[in-house]
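S.K.: Dropping the structure in here first, questions after.
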Amino acid sequence: MILMKDIIREGHPTLRLKAKEVDFPLSNEDRQLCDNLLEYVVNSQDDELCEKYGLRSGIGLAAPQTNASKRIFALHIPDGENLLENFIAINPKIISHSVEKTYIETGEGCLSVDREVPGYVPRYARITVKAFDKEGNVIKKRLKGLPAIAFQHELDHLNGIMFYDHIDESSPYKEIPGATAFDRE
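Numbering (the working numbering), first residue to last: 92 to 276.
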């Protein structure tokens, strides 16, 4: 089980590396990594488990955040009683995207960043993605809203990019041309 002590923080060199593609069939170690990443994001949305284990809530976790420079991440995105997305992405890619951009009005956060970073993070509003599951089957999805934003955030981790790299430091809340705000509430 991954705990907060296992998640590396900004400044750690692994977070700035381009992660390596994963070979199939997956090794037992990579299978366990996949399970652990998904287990963390699921557990982190349970108030009792958060309190018991000192977890911070998150909807996504990438392998590099656990100091494993591999192209793997997990997303678990609930929407009230419904589940918007719940999957492991191995060797993920964006194969097409909208011209329209979006951003979360309240900004983005990250389990590897222990501070508030104000500002808008421009993201594609809609994306079509391709990845592999643990068995090597192709996953192809069309995402919009929070799942699209979260996918791009986690994909950035695989490329050594932190969310705040996208924020205009001189004007963090500068209007993003052609973008529509996404309200998480």
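Every residue gets a Cβ at the ideal spot worked out from N, C-alpha and C, and that includes glycine.
Because the structure is a prediction, the values reported are computed rather than measured.
#1: Name, in chain order, the residues that DSSP records as bridge partners for G151.
#2: State the DSSP-derived secondary structure class of L202, mapped to helix, strand or coil.
#3: Check whether the Cβ atoms of I181 and D224 lie closer than 8 angstroms to each other.
#4: Are there 16 or more other CB atoms within 10 angstroms of the CB of A272, so buried, or fewer, so exposed?
#5: Identify, in the order they occur along the chain, each residue of the same chain with its Cβ nearer than 6 angstroms to the Cβ of R107, setting aside the five sequence neighbours on each side.
#6: Give the straight-line distance between the Cα atoms of F164 and Q123, rounded to the nearest whole angstrom.
#7: Is DSSP giving H188 helix, strand or coil here?
#8: Between the alpha carbons of E226 and V133, how many angstroms are there, rounded?
#9: Distance, Cα to Cα, M92 vs D170?
#10: Could you check how far apart the C-beta atoms of K184 and K221 are, in whole angstroms? I think they sit under 8 angstroms.
#11: How far does the alpha helix (DSSP H) with V220 in it reach, from first residue to last?
#12: By the three-class DSSP mapping on this structure, what secondary structure does R275 have?
#13: Looking at the unbroken alpha helix (DSSP H) that takes in R107, where does it start and where does it end?
#14: Run the CB neighbour count on Y264, radius 10 Å, all protein chains shown included, and call it buried at 16 or more, exposed below.
#15: Check whether the Cβ atoms of F242 and C201 lie closer than 8 angstroms to each other.
#16: Is the region 95-104 in contact with the region 198-214, if contact means three or more CB pairs nearer than 8 angstroms?
#17: Looking only at DSSP bridge pairs, what is K161 linked to?
#18: Return helix, strand or coil for L117, following the three-state DSSP convention.
M.R.: So, from the data block:
#1: L166
#2: coil
#3: yes
#4: exposed
#5: G251
#6: 12 angstroms
#7: strand
#8: 21 angstroms
#9: 24 angstroms
#10: 5 angstroms
#11: Segment 217-223 is the beta strand (DSSP E) holding V220; no alpha helix (DSSP H) there.
#12: coil
#13: Unbroken run through R107: none, as it is neither H nor E.
#14: exposed
#15: no
#16: yes
#17: K111
#18: coil
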